Amino acid sequence: RYYPWIEITQEDVIFANTEEVQFLDDELYKDMLLAMEKIDGKILSWDGTEKDRINGIAVLVTDYRRYSGITKSNARVRLVRVLNGHQSFTLTVSYDDTIQSSFMLKGITNRIIESLSLSK
């Protein structure tokens, strides 16, 4: 998802303190609860949002598990937010972590996330 109207910069993310990240996480959790209601789903676990760096890019990663009433399935979801002014976006990766081969899917989604880069 692309967010061209965002004014938050990479520098803002780098210098965000614990309280600011927690505030964002609290808001995301509330929004996700509402979104899950709309699809007859629920959040199974919420590991929260943390600052990280991927290939030199400051990111905010939200990790949670959810059940979707639409697909009748569980999924582990990671939202990788790159806040970079008008070039801001979220990379969403998810997979069914209840199936036997989920260890392979975890590795594949990790590689997708680790391939993140920004063009000038």
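Each residue of the sequence shown is one higher than the one before, counting from 14 in our numbering.
Think of the CB as a built atom: it goes at the ideal place given N, C-alpha and C, for glycine as much as any other residue.
Note that the structure is predicted; figures quoted are calculated from it, not measured.
Option in the options with minimal Cα separation from residue i
i: residue 104; options: 127, 111, 19 and 50; result: 127
i: residue 24; options: 50, 66 and 55; result: 66
i: residue 60; options: 50, 79 and 53; result: 79
i: residue 28; options: 71, 81 and 54; result: 71
i: residue 93; options: 43, 123, 132 and 113; result: 123
i: residue 86; options: 125, 36, 44 and 53; result: 53
i: residue 132; options: 121, 114, 77 and 68; result: 68
i: residue 77; options: 120, 38, 114 and 14; result: 38
Test item: CB-CB of residue i and residue j under 8 Å
i: residue 62; j: residue 73; result: yes
i: residue 41; j: residue 75; result: yes
i: residue 55; j: residue 34; result: no
i: residue 125; j: residue 95; result: no
Environment of residue i [buried if 16+ CB atoms lie within 10 Å]
i: residue 84; result: exposed
i: residue 89; result: buried
i: residue 117; result: exposed
i: residue 91; result: buried
May I ask you to verify whether the segment 17-24 touches the segment 89-99, counting CB pairs closer than 8 Å and requiring at least 3? yes
Beta strand (DSSP E) segments (min. 3 residues) lying fully within the segment 23-74: 55-67
In chain order, what are the residue ranges of uninterrupted alpha helix (DSSP H) at least 4 long that sit wholly in the segment 77-132? 115-127
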